[in-house]
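Here's the structure we're looking at; comments come further down.
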Amino acid sequence: MAAQGALIPLCPSDALVDRGGGVRFSVVFRGEMAPAFAIRHGGKAFAYLNRCAHVAMELDWQPGEFFEPDAEFLICATHGALYDPATGGCRGGACAGHGGLRPITVIEAAQGVWWLPDAQTQPLPDGPAPGDAR
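Here's what the structure looks like:
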């Protein structure tokens with residue numbers, strides 16, 4: 446596993462369109478493989494575990510599709526929970542009282558988006574898997 450603080454390449458900057466499709470990837474979260482995703486909102490890249498706060502289900506209604514039709518909020522396709530794309534905080538629906546999305550730190554530099562492992566979130570042992578399938 447990469448050392449905490451080592452940047453992991455995620456995707457080219459132009460792979461994330463503001464309020465458009467996201468990029469799926471996998472991480473090791475608390476010792477278990479977990480799906481994650483990155484999106485762009487307000488011109489800035491954000492990443493989260495792909496796990497609804499209400500019930501640990503993946504959010505996207507189609508692979509890489511995380512925004513609700515008006516592209517104001519991220520939505521859990523299963524239960525309709527709404528999340529703020531810039532903070533991951535619950536903004537309504539089934540997530541109320543269950544917290545928000547677990548953020549993953551991302552940095553945009555050199556025409557690319559990179560993610561930063563932390564004490565709980567690490568890359569896969571065999572390397573990053575940007576854009577991986579379900």
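Numbering (my numbering), first residue to last: 446 to 579.
All C-beta atoms, glycine included, are put in the ideal place defined by N, C-alpha and C.
For residue j and residue i, believed in contact at Cβ under 8 Å, the rounded distance
i: F474; j: A483; result: Wrong, their Cβ atoms sit about 15 Å apart, outside the cutoff.
i: I549; j: L452; result: I549 to L452, Cβ: 12 Å. No contact.
Status (buried if at least 16 other CB within 10 Å, exposed otherwise) for residue i
i: G467; result: buried
i: D505; result: buried
i: I520; result: buried
i: E477; result: exposed
i: V462; result: exposed
i: A481; result: buried
i: A526; result: buried
i: Q556; result: exposed
i: P514; result: exposed
i: A578; result: Legend: pLDDT at A578 = 41, less than 50; position of this residue unreliable, no value from coordinates given.
i: P568; result: buried
i: P570; result: exposed
i: P457; result: exposed
Among the options, nearest to residue i - alpha-carbon criterion
i: G488; options: R464, T523, F470 and S471; result: R464
i: P508; options: F470, V551, P548 and D571; result: F470
i: G544; options: E513, A531 and C497; result: C497
i: H499; options: A541, P548 and V558; result: A541
i: D459; options: Q567, L569, A531 and A554; result: A554
i: N495; options: V558, T523 and P570; result: T523
i: H486; options: A516, L455 and A501; result: A516
Segment limits, beta strand (DSSP E) that includes residue i
i: M478; result: E477 to H486
i: V472; result: V468 to F474
i: L561; result: Careful: L561 lies outside any beta strand (DSSP E) and carries neither H nor E.
i: V551; result: V551 to A554
i: A541; result: No beta strand (DSSP E) contains A541, which DSSP labels as neither H nor E.
i: P530; result: Counting along the chain, P530 falls outside any beta strand (DSSP E), and DSSP gives it neither H nor E.
i: L455; result: I453 to P457
i: A492; result: K489 to L494
Checklist entry - Are there three or more Cβ pairs, one per stretch, closer than 8 Å when the stretch 555-572 is compared with the stretch 525-538? => result Look at the beta carbons and you see the stretch 555-572 not touching the stretch 525-538: under three pairs across the two are nearer than 8 Å.
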